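Numbering (mature numbering (1 follows the signal peptide of the UniProt record, and there is no 0)), first residue to last: -28 to -1, 1 to 341.
Set out below in structure tokens:
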């Protein structure tokens, strides 16, 4: 009788475990997925990849839309996107690594590395945090460059020196976002390291971190990629999306196609999460160096900006410190948000420059609070 009772008890336990294990996920378990699915169902023309992670583990990851709208090839979560200005955090990292190597200092004058640049008083730090006051190199190139040729950083710098457009303000006086600054940073990294900027990024960042699908690619390189997400823009007159590189007004992406520093990195959501995880370690630089990157700049008058070294910085009332950056290239809108106190991450890569991108991200942020 005792044996029968034990067997009955064991059977009851096993039955309970089976029912418990096979029980569908509760609404609480599914709430985030349901919320995000519902959000993107409200914007059915959105094309891109969304990844949300908690302590490095993806808790939501889906692809919407097409990598090629013309052929209806669907996006995958492994599709490769142009990062646009999300690239700037990698450019900043090259400078941080070289500073840690003893090859340069943040307060070195820029003309130490770029002789002849006619803007005295500008330091590497000013370039990193967008307080240099330098004019836009793209405006200079647009006015004077032969657009049948493809310009590189040396060309951009030569034209800044030759035409010497006036500075916007004194270094450190105010914050103004500057692609010029990050173009110069890539050239400074080359001078200080003695290595090509692209090779430096590959050997010192992408490969050690394990970003196997990330690179600084030419258009010819991208054409060969089977999972490249091509950028599209909506044309109201045609009532459809059209390849962004077919618009003449966006040809600058071609004739400035060899620039380095402000953009040009292409990557995947998974690789960006791998990058996110590396920034919680000392794999690339020390935590103190990273803290410098996540500290906003102080202007000459003592006021604070909202930008560190390659990262925007803000506070979320519930989740603490957030470091983030967005990108905007013809056809692409991208963003990575790192909630570094809570160890949560949102990555959004969009290849149809959707007008509701900012609204979507704001809502996603509320979902993880």
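All C-beta atoms in this analysis are idealised placements derived from N, C-alpha and C, irrespective of residue type, glycine included.
As the structure is a prediction and not an experimental result, all values here were calculated from the model.
My parser needs the beta strand (DSSP E) runs of 3 or more residues fully inside the segment 207 to 250; what are they? 212 to 215 and 237 to 239
If I measure Cβ to Cβ from residue 337 and keep anything under 8 Å in the same chain, skipping five residues before and after, which residues do I get? As a first step, residue 337 is located in the chain shown; it is residue number 365 there, counting from the start. The residues are 288, 309 and 318.
By alpha-carbon positions, which one of 213, 192 and 251 ends up nearest to residue 226? In the chain shown, counting from the first residue as 1, residue 226 sits at position 254. Taking only the C-alpha atoms, the option nearest residue 226 is 192.
Could you check if residue 191 belongs to the surroundings of the ligand ATP, using beta carbon to heavy atom distance under 8 Å? As for the ligand ATP, it is missing from this structure, which has no ligand bound.
Can the beta-carbon of residue 147 be found closer than 9 Å to that of residue 116? Indexing the chain shown from 1 puts residue 147 at position 175. Indexing the chain shown from 1 puts residue 116 at position 144. Cβ atoms of residue 147 and residue 116: not closer than 9 Å.
Which value, in whole angstroms, describes the spacing of the CA atoms of residue 332 and residue 11? Indexing the chain shown from 1 puts residue 332 at position 360. Indexing the chain shown from 1 puts residue 11 at position 39. Their Cα atoms are separated by approximately 8 Å.
Assuming residue 300 and residue 19 make a contact with CB atoms under 8 Å, what is their CB distance in whole Å? Sequence index remark: in the chain shown, residue 300 carries index 328 (1-based). Sequence index remark: in the chain shown, residue 19 carries index 47 (1-based). Contact flag wrong, Cβ pair sits at about 15 Å.
Between the beta-carbon of residue 234 and the beta-carbon of residue 66, is there less than 9 Å? Numbered from its first residue, the chain shown carries residue 234 at position 262. Numbered from its first residue, the chain shown carries residue 66 at position 94. Contact: no.
Would residue 29 be called buried (16 or more neighbouring beta carbons within 10 Å of its own) or exposed? Position 57 of the chain shown, counted from the first residue, corresponds to residue 29. With fewer than 16 Cβ atoms within 10 Å of its Cβ, residue 29 is classed as exposed.
Start and end residues, beta strand (DSSP E) containing residue 185: Counted from its first residue, the chain shown places residue 185 at position 213. Where residue 185 is concerned, there is no enclosing beta strand (DSSP E), given that its DSSP letter is neither H nor E.
Extent of the continuous alpha helix (DSSP H) to which residue 340 belongs: For this step, residue 340 is matched to residue 368 along the chain shown. Counting along the chain, residue 340 falls outside any alpha helix (DSSP H), and DSSP gives it neither H nor E.
Roughly how many whole angstroms lie between the Cα atoms of residue 1 and residue 290? The sequence position of residue 1 within the chain shown is 29, counting from 1. The sequence position of residue 290 within the chain shown is 318, counting from 1. Residue placement at residue 1 cannot be trusted, given a pLDDT of 39 that sits under 50; what the coordinates show is reported in the next sentence. So the alpha carbons of these two residues sit roughly 21 Å apart.
Segments of 4+ residues assigned as alpha helix (DSSP H) that fall wholly inside the segment 102 to 142: 109 to 116 and 125 to 135
Per-residue DSSP class, three states only, for residue 284: For this step, residue 284 is matched to residue 312 along the chain shown. Three-state result, residue 284: strand.
If we count the other Cβ atoms within 10 Å of its Cβ and call it buried at 16 or more, is residue 286 buried or exposed? As a working mapping, residue 286 is identified with position 314 in the chain shown. So residue 286 ends up on the exposed side.
Can you check DSSP and say which residues form a bridge with residue 322? The count along the chain shown starts at 1 and reaches residue 322 at position 350. Answer by DSSP bridge pairing, in chain order: 20 and 305.
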